[in-house]
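Asks: The sequence shown maps to residues 1 to 457 in full-length UniProt numbering.
The structure under discussion is supplied below as structure tokens; questions concerning it will follow.
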Amino acid sequence: MAYQTINPTTNELIKTYPNHTDADIETALDVAHKLYKSEWSKGPIAPRLQVLERLADLIDARKEELARIATVEMGKLISDARDEVWIIAEIARYYARNAEKFLAPSKIDSPLGEAWVEHHPIGVLLAVEPWNFPYYQLMRVFAPALAAGNPVVAKHASIVPHCASVFEELVNEAGAPKGAWKNLFITSTQVANIIADDRVQGAAMTGSEGAGSAIAAQAGKYLKKSTLEMGGNDVFVVLDDADLDKAVEIGVFSRLHISGQECICAKRFVLHEKIADKFLQKFTAGMAGVKMGDPLDENTRLGPMSSAEAVKGLSKQVERALAHGATLHLGGLAVEGEGNFFEPTILTHIKRDNPAYFEEFFGPVAQVYVVKNDDEAVELANDSRYGLAGAVFSQNIERAKSLASRIETGSVWINTFASTSPELPFGGVKRSGYGRELSELGIKEFVNQKLVLVAKS
Ligand SMILES: NC(=O)C1=CN([C@@H]2O[C@H](COP(=O)(O)OP(=O)(O)OC[C@H]3O[C@@H](n4cnc5c(N)ncnc54)[C@H](O)[C@@H]3O)[C@@H](O)[C@H]2O)C=CC1
Ligand SMILES: CCCCCC(=O)O
1 MAYQTINPTT NELIKTYPNH TDADIETALD VAHKLYKSEW SKGPIAPRLQ VLERLADLID
61 ARKEELARIA TVEMGKLISD ARDEVWIIAE IARYYARNAE KFLAPSKIDS PLGEAWVEHH
121 PIGVLLAVEP WNFPYYQLMR VFAPALAAGN PVVAKHASIV PHCASVFEEL VNEAGAPKGA
181 WKNLFITSTQ VANIIADDRV QGAAMTGSEG AGSAIAAQAG KYLKKSTLEM GGNDVFVVLD
241 DADLDKAVEI GVFSRLHISG QECICAKRFV LHEKIADKFL QKFTAGMAGV KMGDPLDENT
301 RLGPMSSAEA VKGLSKQVER ALAHGATLHL GGLAVEGEGN FFEPTILTHI KRDNPAYFEE
361 FFGPVAQVYV VKNDDEAVEL ANDSRYGLAG AVFSQNIERA KSLASRIETG SVWINTFAST
421 SPELPFGGVK RSGYGRELSE LGIKEFVNQK LVLVAKS
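Written as structure tokens, this is what we have:
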């Protein structure tokens, strides 16, 4: 597995990074485990939180440089890259300012005596992360782990090694001791060996079902806690009383965010039959009208996909959907020429026996379905192997809340697009994975929630 920076806008190979060896891994685990056994991990939380505050300030100071690195390495719009750099500083600050409260002992009223739950670190964690939010995916693991006292070794996606390297550089510059965070350019086999190592006590993974299944299986075999955030096939439900122009604007934005390579972006557009034609007409115009091009250009609204392989995979997926009876309403093709560009695409008339019905399209491809009523909308939303997020548009909030409660996902967003914020739990159900990241829930995924009880005398 080669770790390479290849600019997706030009497919120019910029740099190849050397892989780490088994000896490098041994050193990393030894240093991390010793840190876990030290006062740094087990002692007062304040020094660890100070590192997070400094890290946030360092990120702010290098915002434009960091954003440009991400755009050149995986193709997201420079404006989206800036947003990502902004939010990772916010995640660091969130845990710097809330972790002590989250991890404080929590008292329990018990007839057996005085009881409370303490929150202790559990040991070295492994993070295995994807390329679509190359900094956010790392900070989402690092910040709560550092606050809790868990050192982390990390394997990032092979196409974002510069992001991986600069993140580690920032962590070290912020004053984290050696072992708090170590990036490793390693193979899947080496990942499996790390999970098996007795010094490793947990694994956090974001990515595909295949990778998640392999990592979860290995973690299960060695009885290690894991959290998984995998694909999603999120619905974007537009009811007959929705603000249509708002729903169209947000729908186009959400489907095309990160060139459609975001697990929580809108993918299955579920339209009430009364507004379906009107929505589709406006939505089609919106999708067709976006400016595609260089993601470093501030006016571009749709950049390239992350790699040539991603474009090839999406092309095959669209062809298969059409071969099984879907209608091509817009686009459908990779853009000829330099770079990994794919046309904004809309597929309609996808029947349940079409493989596309159950598939996530990880690119600028919208699936459109029409339903008669709310019950049909819920039934279709839940007729999915995934359960990550979803959105419901209606000007009747109670009606929207009712649908939100019935949709089987980790989150539902009413009259807006699914997104993320440090204080909000992130994760899903079914094949979208398990566990939660961010918020108070996230920091407690990898701590020993230890009961202590003093018997009544
Ligand atoms: N939930 C999310 O935020 C994301 C989900 N995805 C999903 O993953 C699909 C492909 O994107 P990729 O980045 O290629 O995902 P991927 O799952 O192949 O890669 C994610 C991470 O897992 C590692 N990995 C892959 N197979 C592994 C194995 N057997 N053992 C250990 N580590 C392994 C990769 O090197 C990378 O670091 C997308 O189509 C999408 O469905 C991709 C990006 C983000
Ligand atoms: C907005 C942040 C989302 C990160 C994970 C995903 O691709 O859904």
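In this text, a Cβ means the ideal position worked out from N, Cα and C, and glycines have one as well.
(1) May I ask which residues mark the beginning and end of the alpha helix (DSSP H) holding Gln367?
(2) Output needed for Gly293: all residues of its chain with C-beta closer than 7 Å, excluding positions within five of it in sequence on either side, in chain order.
(3) How many whole angstroms separate the CB atoms of Ala389 and Gly232, which I take to be in contact at a CB cut-off of 8 Å?
(4) Quick check on Phe437: buried or exposed, where buried means 16 or more other Cβ atoms within 10 Å of its Cβ?
(5) Comparing the CB of Glu229 with every heavy atom of ligand 4, is any distance shorter than 7 Å?
(6) Tell me which same chain residues have a C-beta within less than 7 Å of the C-beta of Leu55, skipping the five on either side of it?
(7) How far does the beta strand (DSSP E) with Lys225 in it reach, from first residue to last?
(8) Report all residues from its chain with a CB closer than 6 Å to the CB of Phe102; omit the five preceding and five following residues, and keep chain order.
(9) Find out if the Cβ-Cβ distance for the pair Phe167, Lys267 is shorter than 8 Å.
(10) Hey, Ala180 and Ile195: beta-carbon distance below 8 Å or not?
(11) Distance, Cα to Cα, Leu49 vs Phe341?
(12) Ordered along the chain, which non-local residues of its own chain (more than five positions away) have a Cβ less than 6 Å from that of Val454?
(13) How many angstroms separate the CA atom of Thr9 from the CA atom of Val72?
(14) Determine, using beta-carbon pairs with one atom in the stretch 234-244 and one in the stretch 384-398, whether at least three such pairs fall under 8 Å.
(15) Between Glu229, Gly332, Leu184 and Ser384, which lies nearest to Val208 when the distance is taken from Cα to Cα?
(16) How long is the line joining the alpha carbons of Lys224 and Lys182, rounded to whole angstroms?
(17) Are three or more beta carbon pairs between the stretch 55-64 and the stretch 187-201 nearer than 8 Å?
(18) Which residue marks the beginning of the beta strand (DSSP E) containing Gly390, and which one marks its end?
(19) Answer yes or no: do Phe269 and Ala366 have a C-beta to C-beta separation smaller than 8 Å?
(20) Going by Cα to Cα distance, which pick from Lys178, Met74, Lys282 and Ile69 is closest to Ser259?
(21) Identify, in the order they occur along the chain, each residue of the same chain with its Cβ nearer than 8 Å to the Cβ of Arg68, setting aside the five sequence neighbours on each side.
Replies: Based on what the coordinates show:
(1) Along the sequence shown, read from residue 1 onward, the residue named residue 367 stands at position 367. Careful: Gln367 lies outside any alpha helix (DSSP H), inside the beta strand (DSSP E) at Val365 to Val371.
(2) Indexing the sequence shown from 1 puts residue 293 at position 293. Counting only Cβ-Cβ distances below 7 Å, and skipping sequence neighbours, we find Thr300.
(3) Here the question's residue 389 lines up with position 389 in the sequence shown. Here the question's residue 232 lines up with position 232 in the sequence shown. Correct: roughly 6 Å between the Cβ atoms.
(4) Your numbering for residue 437 matches position 437 in the sequence shown. Strictly speaking, residue 437 in this sequence is Glu, with Phe absent from that position. The residue in question, Glu437, is buried, as its Cβ has 16 or more Cβ neighbours within 10 Å.
(5) Of the ligands one can find in the structure shown, namely ligand 1 and ligand 2, none is ligand 4.
(6) Residue numbering aside, residue 55 sits at position 55 when the sequence shown is read from its first letter. Contacts found: Ala92, Leu170, Val171 and Ala174.
(7) Numbered from 1 along the sequence shown, position 225 holds the residue referred to as residue 225. Its beta strand (DSSP E) spans residues Lys225 to Glu229.
(8) What you label residue 102 is simply residue 102 of the sequence shown in a count that begins at 1. Excluding residues within five positions, the ones whose Cβ falls inside 6 Å are Glu440 and Ile443.
(9) Within the sequence shown, numbered from 1, the residue matching residue 167 stands at position 167. Within the sequence shown, numbered from 1, the residue matching residue 267 stands at position 267. No; because the gap between Cβ atoms is not below 8 Å, this pair is not in contact.
(10) As a working note, residue 180 is residue 180 in the sequence shown. As a working note, residue 195 is residue 195 in the sequence shown. Against a cut-off of 8 Å, the Cβ pair of Ile195 and Ala180 comes out as no contact.
(11) For the purposes of this step, residue 49 is identified with residue 49 of the sequence shown, where counting begins at 1. For the purposes of this step, residue 341 is identified with residue 341 of the sequence shown, where counting begins at 1. Going from the Cα of Leu49 to the Cα of Phe341 covers about 42 Å.
(12) Position 454 of the sequence shown, counted from the start, is the residue given in the question as residue 454. Correct list, in chain order: Gly113 and Glu114.
(13) For the purposes of this step, residue 9 is taken as residue 9 along the sequence shown, with counting starting at 1. For the purposes of this step, residue 72 is taken as residue 72 along the sequence shown, with counting starting at 1. For Thr9 and Val72, the distance between alpha carbons rounds to 8 Å.
(14) yes
(15) Taking the sequence shown and counting its residues from 1, one reaches residue 208 at position 208. Looking at the sequence provided, one finds Ser at residue 208 rather than Val. Among Glu229, Gly332, Leu184 and Ser384, the Cα nearest to that of Ser208 is on Glu229.
(16) Walking along the sequence shown from the start, residue 224 turns up at place 224. Walking along the sequence shown from the start, residue 182 turns up at place 182. Those two C-alpha atoms are separated by around 19 Å.
(17) no
(18) By 1-based counting over the sequence shown, the position of residue 390 is 390. Segment Gly390 to Phe393, the beta strand (DSSP E) holding Gly390.
(19) For this step, residue 269 is matched to residue 269 along the sequence shown. For this step, residue 366 is matched to residue 366 along the sequence shown. Against a cut-off of 8 Å, the Cβ pair of Ala366 and Phe269 comes out as a contact.
(20) The residue you call residue 259 lines up with position 259 of the sequence shown. It is Met74 whose Cα lies nearest to the Cα of Ser259.
(21) In the sequence shown, residue 68 corresponds to position 68, counting from 1. Answer for Arg68: Ile78, Ala81 and Leu296, listed in chain order.
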